[in-house]
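J.:
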Amino acid sequence: MFKYKDKSSSFFRFFKKNSLLYLLYDIYYFEFDKFLVQIFSSYDPEFLENSTIVDHREFSTLRFLHYLYLRNWDQSFKTRISAVKYIKPLRNVNSMLSRNLLSSIKFFYCRYLTHWIVLFPASVDISKIKSWILEYMISNINANTVSRTCKEISVLTGFSFLGYSVKFSKTMAFNTPYILTSLKIYPDKFCILRSLLTKSVISRENFFPIAKRSWVNFSDYDIVLNFRRIILDLVYYYKYSYSLKSLHFVLYLLKFSCAKTLACKNRITLTQVFNKYGSVLTTEKRIYMGDYHRVYSISFPLLSEFKKI
19 MFKYKDKSSS FFRFFKKNSL LYLLYDIYYF EFDKFLVQIF SSYDPEFLEN STIVDHREFS
79 TLRFLHYLYL RNWDQSFKTR ISAVKYIKPL RNVNSMLSRN LLSSIKFFYC RYLTHWIVLF
139 PASVDISKIK SWILEYMISN INANTVSRTC KEISVLTGFS FLGYSVKFSK TMAFNTPYIL
199 TSLKIYPDKF CILRSLLTKS VISRENFFPI AKRSWVNFSD YDIVLNFRRI ILDLVYYYKY
259 SYSLKSLHFV LYLLKFSCAK TLACKNRITL TQVFNKYGSV LTTEKRIYMG DYHRVYSISF
319 PLLSEFKKI
């Protein structure tokens, strides 16, 4: 049981140096995601390549912020923050779409850093959905708005949930209950590999990196930029994990997939690609503006750069 007596605007108060607590309650927060998906769809959530949203003016927004960071609580369970400013980052968000929601009504689910956004048509009863979320939060997650407490998940060895793999060990002393000794949260490798399979950057047989054939007609700058966006999206999603070094295999797969795409485009070998662009695949793009031009350079990110995020 974690208990904090603090009258700040956030629902819970944590020690700033303990990132595991942040991610642990981020997993609790993902329980809301699972609850919504189970209600309004009948499939397992997966990462999709296309994250574009249609004209958001046709939708009324139901948005619940992450209650650890940006939540302002009151008795009526309503937010006081405008939802318009959160529409712009949606183009960089992994989204899910279900066509079987409430008699074929479109439903958009979006995950962005420390909050999540749900877009419904205007005909959906928003107040009823809010009551479902509040009832589920109090009953299953045991979150109490009065005492500001949240109970621990009672599992034995760990669990996997929405791309995260939570592993912890317990010891049992003589005549005492189980005591939690260690807790570590890693990215789920199987979920990441499944996401890369949908993007066609690794092979289905042995998960080796392959060239992205649909991007061969792009410029060298755009090819590196697209692969850079993929790895940065994953880093933002798993930035509170136990160690970002666990994403090293993803960096390796995407880097060689990018190199093979450049080799396929320029019709050269993989060794010639690294000799031409360097170990970080640095490329340039020039934009001419009358008598002068501007040079833009981009390179594949290193693992050390992720610490700055």
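In terms of my numbering, the sequence shown has 153 at position 135, counting the first letter as 1, and numbering is strictly consecutive.
Every residue, glycine too, gets a C-beta built ideally from N, C-alpha and C.
Note that the coordinates shown come from a computational prediction; the quantities given were computed from them, not determined experimentally.
#1: So, Tyr-260 versus Ile-203, is the Cβ gap smaller than 9 angstroms?
#2: Got a sec? Which residues, its chain only, sit under 8 angstroms from Tyr-314 by beta carbon, not counting five neighbours each side?
#3: Taking the Cβ atom as the reference point for each residue, do Val-268 and Phe-245 lie within a distance shorter than 9 angstroms?
#4: Quick check on the DSSP output: what are the complete alpha helix (DSSP H) runs of length 4 or more inside the segment 205–233, in order along the chain?
#5: Excluding the 5 residues preceding and the 5 following Val-72 in the sequence, name in chain order all residues of the same chain whose CB lies nearer than 6 angstroms to its CB.
#6: Between the alpha carbons of Lys-230 and Ser-322, how many angstroms are there, rounded?
#7: Would you identify the three-state DSSP class for Lys-202, choosing helix, strand or coil?
#8: Alpha carbons only, please: which of Pro-205, Cys-282, Tyr-295 is nearest the one belonging to Tyr-256?
#9: To test your reading of the DSSP string, which unbroken alpha helix (DSSP H) runs of 4 or more residues are found completely within the segment 237–286?
#10: When the Cα of Val-242 is compared with those of Arg-222, Leu-299, Met-307, Gly-308, which residue comes out closest?
#11: How long is the line joining the alpha carbons of His-133 and Thr-216, rounded to whole angstroms?
#12: Given that a residue counts as buried once 16 or more other Cβ atoms are within 10 Å of its Cβ, and exposed if not, what is Gly-181?
#13: Should Ile-241 be flagged as near chain D, meaning a C-beta pair shorter than 9 angstroms?
#14: On the CB-based measure, 16 or more other CB atoms within 10 Å of its CB, does Lys-263 come out buried or exposed?
#15: Under the DSSP definition of a beta bridge, which residues are partnered with Thr-301?
#16: Taking the CB atoms as reference points, tell me whether Leu-214 and Leu-272 lie closer together than 9 angstroms.
#17: Would you decide whether Val-291 is buried or exposed? Buried here means 16 or more other CB atoms lie within 10 Å of its CB.
T.: On the basis of the data shown:
#1: One-based indexing of the sequence shown puts residue 260 at position 242. One-based indexing of the sequence shown puts residue 203 at position 185. It is a contact, given that the beta carbons lie within the stated cut-off.
#2: On the sequence shown, position 296 is the one that residue 314 refers to. Cβ neighbours of Tyr-314 within its own chain (closer than 8 angstroms, five residues either side excluded): Tyr-239, Glu-302, Lys-303, Arg-304, Ile-305.
#3: Along the sequence shown, one-based indexing puts residue 268 at 250. Along the sequence shown, one-based indexing puts residue 245 at 227. No, the pair does not count as a contact, with Cβ atoms beyond the cut-off.
#4: 207–216
#5: On the sequence shown, residue 72 is found 54 positions in, with the first residue counted as 1. The pLDDT assigned to Val-72 is 36, lower than 50, so where the model puts this residue is not dependable; a value taken from the coordinates is nonetheless given after this. Excluding residues within five positions, none has a Cβ falling inside 6 angstroms.
#6: What you label residue 230 is simply residue 212 of the sequence shown in a count that begins at 1. What you label residue 322 is simply residue 304 of the sequence shown in a count that begins at 1. Approximately 26 angstroms between the Cα atoms of the pair.
#7: Along the sequence shown, one-based indexing puts residue 202 at 184. In this structure, Lys-202 counts as strand in the three-state DSSP scheme.
#8: Here residue 256 refers to the residue found at position 238 when the sequence shown is read from its first residue. Out of Pro-205, Cys-282, Tyr-295, Pro-205 has the C-alpha closest to the C-alpha of Tyr-256.
#9: Listed in chain order, they are 238–255, 266–284.
#10: Taking the sequence shown and counting its residues from 1, the one referred to as residue 242 is at position 224. Checked all of Arg-222, Leu-299, Met-307, Gly-308; the closest Cα to Val-242 is Leu-299.
#11: Residue numbering aside, residue 133 sits at position 115 when the sequence shown is read from its first letter. Residue numbering aside, residue 216 sits at position 198 when the sequence shown is read from its first letter. Residue confidence is low: His-133 scores 48 on pLDDT, short of 50, so the model does not pin down where it sits. Its coordinate-derived value is still stated next. Straight-line Cα distance between these residues: approximately 25 angstroms.
#12: Indexing the sequence shown from 1 puts residue 181 at position 163. With 16 or more Cβ atoms within 10 Å of its Cβ, Gly-181 is classed as buried.
#13: Protein chain content of the structure displayed is limited to a single chain, and chain D is not contained in it.
#14: Walking along the sequence shown from the start, residue 263 turns up at place 245. It counts as exposed.
#15: Against the sequence shown, residue 301 aligns to sequence position 283. In the DSSP output, where bridge partners are listed per residue, Thr-301 has Ile-316.
#16: Start at 1 with the first residue of the sequence shown, and residue 214 comes out as number 196. Start at 1 with the first residue of the sequence shown, and residue 272 comes out as number 254. In this structure, Leu-272 lies closer than 9 angstroms to Leu-214 by Cβ.
#17: The count along the sequence shown starts at 1 and reaches residue 291 at position 273. Val-291 counts as buried, since no fewer than 16 other beta carbons sit within 10 angstroms of its beta carbon.
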